[in-house]
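Position 29 (the sequence shown) corresponds to 21 in our numbering; numbering is contiguous.
Note that the Cβ used here is the ideal one computed from N, Cα and C, for glycine as well.
Since we're looking at a predicted model, the values are computed, not measured.
This report concerns only the one structure given below.
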Amino acid sequence: MLDGLKARNVAYGYVLMDSWYAVTELMVHIDDLGKIYYCPLKDNRLVDDTGNPMVVKGYKPVSQLEWDQVTLDQGKIVKVKGFPDL
């Protein structure tokens, strides 16, 4: 669908998708198109939330992330396991 939008010159800046579509290959493709995407991650998806891409303390499931009021309000940047450094 995304490539069809590009072929028809449809202007868009964001892609919203369900967790079913939150696979590495599709997210990288959307990133390569220069678009911003939002999607929930499944509870068992492994992520690192240290905030430092050079120091990975260890991946843990999304369900084990700790949230304070600031991160609940503003979100959290995570490194998804298997996702290339872009």
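### Query
Got a sec: is the Cβ-Cβ distance from Leu38 to anything in chain C below 8 Å?
Going by chain labels, chain C is absent from the structure shown, which holds only one protein chain.
#### Entry: Residue range of the unbroken alpha helix (DSSP H) whose run includes Asp65
Gln61 to Gln66
### Query
In this structure, does DSSP put Ile69 in helix, strand or coil?
coil
### Task
Could you spell out the range, first to last residue, of the beta strand (DSSP E) harbouring Asp40?
Leu38 to Asp40
### Query
Going by alpha carbons, who is nearest to Val15 out of Leu25, Pro32 and Ala3?
Pro32
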